[in-house]
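Here is the structure we will look at.
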Ligand SMILES: Nc1ncnc2c1ncn2[C@@H]1O[C@H](COP(=O)(O)OP(=O)(O)OP(=O)(O)O)[C@@H](O)[C@H]1O
Ligand SMILES: [Mg+2]
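Chains as they are written, first to last, in the working numbering: chain D, 187 to 429; chain L, 237 to 457.
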């Protein structure tokens, strides 16, 4: 089923994630989360594996929800135990914040079903300057390497005997700068090498670029984009009415 | 007393075949050990397990009677000087001097001793001339010398060096040899991983060969 044009997917993701931000009603948020999950399931058969891998962020979600629950003191009280005060508004915001994050995560997974290369062609087809698209692409591609380098310097600094906790502010700063330095230096070096390689292969030698695989919107893509627009408008209007 | 002990350790990287299975071995504090075996057999992995960088799926690892799981990397680093296989992964400070001084600072030396020791070791490995150069642009062999100076300057009781001769010219290999002999005289132990048979045989009194079938050949020389 993974046959929609990346631009159609992009509009779905933008619509869903902006809805996630503006939604103010729990029922509507649940509905949007369900739609978002359904779409990403439809587009990616391995979605459950990805979600299992993402299980580490569950505590983060719970903390976000809990902090709303405990520290939001607006609305009317529904429960009090010594200094712990829980209000209906806090409860609502707590649940909403979790749902919002879920929508954003599941909708972002829709984009993950597309390879970086085809995302790139799609973005250039949207008339975005190719230079910018190329930079984004390179950035995404080298993120794992950046991560590895970061891990290595983290190990090296610790094995040199430095504890990451407990030191003066000055020492802490030095430790963090050292941990970040190798990754930054190698990113800059890599950028230089890529620039040379790209130039050798005639990057920007001609004002117009052609692509091996041209992206063309098909009927189903237009239908998808149109329904996104309609649903998005409906959800926004519905959301306004509820407030 | 055993310095480091692995007790029926099993380890595999995620989604790949097992590297160690039910592996037990003991290293003593004053031993000079060589670990050998073909590329990819798991020598570096074994070291990373010993240092607590990697966690075994089962089994226990002890460093001086302490379960490695309850030690921080900084605590391990204060007992063992570890030289990574690839210096690029170990250099973090912008200059050679800073790299050496950082380790010395966390070994508890005062400022005056830090400066003295750092300069002694820069001099020893003949890198005083690049003391303040940008370390990430140095040659492979120069980087290796910076790392060796940083590790050896700290004077820990035990050293682990993963292919320390890589990139070193003959003169520098001889200098490293001299250091290792001196460590032996001081009754300090070390583990060397190397594919250089002559170099390794000149320095060790115990050889551990990791074999294809998961067994080891462990012999005292
Ligand atoms: N981070 C990793 N993830 C997955 N597999 C790994 C990882 N690191 C190493 N391996 C694999 O584990 C095996 C052992 O690697 P290791 O680096 O311990 O070998 P080695 O004996 O040190 O080899 P060499 O002599 O080349 O240094 C290799 O087959 C390697 O491909
Ligand atoms: Mg190795």
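Glycine is no exception: its CB is placed at the ideal position from the N, C-alpha and C atoms.
Keep in mind the model is a prediction, meaning the values are calculated, not measured.
Flag residue 367 of chain D as yes if its beta-carbon sits less than 7 Å from any beta-carbon of chain L, otherwise no.
yes
Distance check for residue 200 of chain D and residue 422 of chain D, CA to CA, integer angstroms please.
14 Å
Is there at least one non-hydrogen atom of ligand 1 closer than 6 Å to the beta-carbon of residue 337 of chain D?
no
With ligand 1 as the reference, list in chain order each residue whose Cβ lies under 5 Å from any of its heavy atoms.
L/249, L/275, L/276, L/277, L/278, L/279, L/280, L/281
Going by the DSSP bridge assignment, what does residue 443 of chain L pair with across the sheet?
L/270, L/455
Taking a contact to mean a Cβ-Cβ separation below 7 Å, would you say residue 257 of chain L touches residue 442 of chain L in this structure?
In this structure, residue 257 of chain L keeps its C-beta atom at 7 Å or more from the C-beta atom of residue 442 of chain L.
Following the continuous beta strand (DSSP E) through residue 245 of chain L, name the residue where it begins and the one where it ends.
238-248
Based on DSSP bridge pairs, tell me the residues matched to residue 263 of chain D.
D/273
Close beta carbons around residue 246 of chain L, own chain, < 8 Å, minus the five adjacent residues each side
254, 256, 257, 258, 259, 292, 293, 294, 295
Whole alpha helix (DSSP H) runs in the segment 303-342 of chain L with 4 or more residues, listed along the chain?
Runs of the alpha helix (DSSP H) inside the segment 303-342 of chain L: 309-315, 323-326, 332-341.
7 Å Cβ cut-off: residues of chain D touching residue 400 of chain L:
Going along chain D, no residue has its Cβ under 7 Å from residue 400 of chain L, so there is no contact; the nearest lies around 16 Å.
Evaluate contact between the segment 329-342 of chain L and the segment 377-394 of chain L, counting only Cβ atoms and requiring at least three cross-stretch pairs below 8 Å.
yes
If contacts are defined as beta-carbon pairs under 8 Å, then residue 332 of chain D and residue 302 of chain D qualify, I think. What distance do you get, rounded to the angstrom?
The C-beta separation of residue 332 of chain D from residue 302 of chain D comes to about 15 Å, leaving the pair out of contact by the 8 Å criterion.
Of the residues D/212, D/193, D/195, D/196, which one's Cα is nearest the Cα of residue 428 of chain D?
D/212
Range of the contiguous alpha helix (DSSP H) that encloses residue 391 of chain L:
Run containing residue 391 of chain L: none; DSSP gives neither H nor E here.
I'd like to know whether the C-beta atoms of residue 332 of chain L and residue 382 of chain L end up nearer to each other than 7 Å.
Taking a C-beta distance under 7 Å as the contact criterion, residue 332 of chain L and residue 382 of chain L qualify as a contact pair.
Run down chain L in chain order and give the residues with a C-beta less than 7 Å from the C-beta of residue 343 of chain D.
Those within 7 Å of residue 343 of chain D in chain L are 328.
As an exercise, report each continuous alpha helix (DSSP H) stretch of at least 4 residues that is fully enclosed by the segment 375-429 of chain L, in chain order.
376-389, 406-421
Return yes when the Cβ of residue 396 of chain L is within less than 7 Å of the Cβ of residue 427 of chain L, no when it is not.
A contact, by the Cβ cut-off of 7 Å.
With a threshold of 6 Å on Cβ separation, who are the neighbours of residue 285 of chain D within its own chain once the five nearest residues in sequence on each side are excluded?
215, 219
Taking Cβ positions only, does residue 403 of chain L come closer than 7 Å to chain D?
So, not an interface residue.
Contacts of residue 310 of chain L in chain D (Cβ-Cβ under 7 Å):
344, 347, 348, 349
Could you tell me whether any non-hydrogen atom of ligand 2 is closer than 6 Å to the CB of residue 321 of chain L?
yes
Check whether the Cβ of residue 346 of chain L lies closer than 7 Å to any Cβ atom in chain D.
no
For the beta strand (DSSP E) that contains residue 358 of chain L, what are its first and last residues?
Looking at the DSSP string, residue 358 of chain L is not in any beta strand (DSSP E); the run it does join, the alpha helix (DSSP H), is 347-360.
Quick check: what's the CA-CA separation for residue 363 of chain D versus residue 374 of chain D?
16 Å
Selection from L/251, L/286, L/313, L/307 that minimises the alpha carbon distance to residue 347 of chain D
Looking at the Cα atoms, L/313 is the closest of the given residues.
Determine the contact status of residue 222 of chain D and residue 292 of chain D, defining contact as a CB-CB distance below 7 Å.
yes
Is residue 242 of chain D helix, strand or coil by DSSP?
Note: residue 242 of chain D maps to helix in three-state DSSP.
At the level of alpha carbons, what is the spacing between residue 300 of chain D and residue 192 of chain D?
Roughly 7 Å separates the two Cα atoms.
By Cβ distance below 8 Å, which residues in the same chain neighbour residue 266 of chain D in space, the five residues on each side in sequence not counted?
Excluding sequence positions up to five before and after residue 266 of chain D, its CB lies within less than 8 Å of the CB of 272, all in the same chain and listed in chain order.
How big is the Cα-Cα spacing for residue 231 of chain D and residue 225 of chain D?
Near 11 Å, if we compare the C-alpha coordinates of residue 225 of chain D and residue 231 of chain D.
If you drop the 5 nearest sequence neighbours on each side, which residues of the same chain put their C-beta closer than 6 Å to that of residue 304 of chain L?
Cβ neighbours of residue 304 of chain L beyond the five flanking positions: 288, 297.
Chain-ordered residues of the segment 362-393 of chain D with a beta carbon less than 8 Å from chain L:
364, 365, 367, 368, 371, 372, 375
Interface residues of chain L around residue 232 of chain D at Cβ under 7 Å?
None at all; the shortest Cβ gap to chain L is about 14 Å.
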